[in-house]
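First comes the structure, then the notes that go with it.
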Amino acid sequence: MECAGTQSPDRVRTLVAAPHEEYRLFGSALKRLPQAVVVAATDNGRTALEYVRRMRFDLAIISIPLAHANGLTVARQALHTSPDIRIVMITAIDDPACLLEAIRVGVHGYLSTTASIDELADAIPRILAGETIFDILISTRALRRLVTSGCSH
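In structure tokens form, the structure reads like this:
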């Protein structure tokens, strides 16, 4: 676990739950947001679940594939524990089931692991301000697959 920052209201207490190679990308994007303070970071889903049960976060950046627990499970628990938390899922998965589950869970962002640091640094403040941002390419591919997989009347 990484600990940093103060408890001041202008700070965005952040959980990052992602594999190490993805964490480096998020860390670079978060460095551009001086109010963001990474309070906890892990690549383990069980550990992330424990963090959301014990700590308060304003923002959680979560990868869907995590060791020992799915990122959507972590997101669901985080929103149950802290309804005001803003959840950003980071994924390369364009599976319609994952996209629909993310929508059902109530995540606020669904961004690609191939997003640039600039794209992430732009999206995070917008999500914190109340916008919902879903990666257009992932969403379009998932919706096309959903439509062509037999949705007919």
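Residues 1 to 153 in our numbering are what the sequence shown spells out, letter by letter.
Where a beta carbon is used, it is the ideal one built from N, C-alpha and C, also for glycine.
Per the DSSP calculation, residue i is bridged to which residue(s)?
i, result
"Ile-61", "Val-16, Val-88"
"Val-39", "Partner(s): none; Val-39 has no beta bridge."
Roughly how many angstroms lie between the CA atoms of residue i and residue j, to the nearest whole one?
i, j, result
"His-20", "Asp-43", "7 Å"
"Ile-61", "Arg-145", "26 Å"
"Ile-124", "Arg-104", "20 Å"
"Leu-66", "Ser-149", "27 Å"
"Arg-126", "Arg-86", "11 Å"
"Glu-119", "Phe-134", "12 Å"
"Ser-8", "Ala-18", "Low local confidence applies: a pLDDT of 46 at Ser-8 is under 50, so the model's placement there is unreliable, with the coordinate-based value given in what follows. Using only the alpha carbons, I get a separation of about 26 Å."
"Leu-137", "Glu-101", "17 Å"
"Arg-13", "Leu-111", "20 Å"
To the nearest whole angstrom, what separates the beta carbons of residue i and residue j, a pair I think is in contact under 8 Å?
i, j, result
"Ala-121", "Arg-32", "4 Å"
"Pro-96", "Ala-48", "That belief does not hold up - the Cβ atoms of Pro-96 and Ala-48 are roughly 25 Å apart, past 8 Å."
"Ala-29", "Ile-93", "Incorrect: roughly 20 Å between the Cβ atoms, too far for contact."
What residue does the alpha helix (DSSP H) around residue i start on, and which one ends it?
i, result
"Arg-157", "For residue 157 there is no data in the structure shown, the boundaries of the chain being 1 and 153."
Report the residue ranges of all alpha helix (DSSP H) runs contained in full by the region 64-135; include only those spanning at least 4 residues, in chain order. Runs of the alpha helix (DSSP H) lying entirely within the region 64-135 and spanning at least 4 residues, in chain order: 71-81, 96-105, 117-128.
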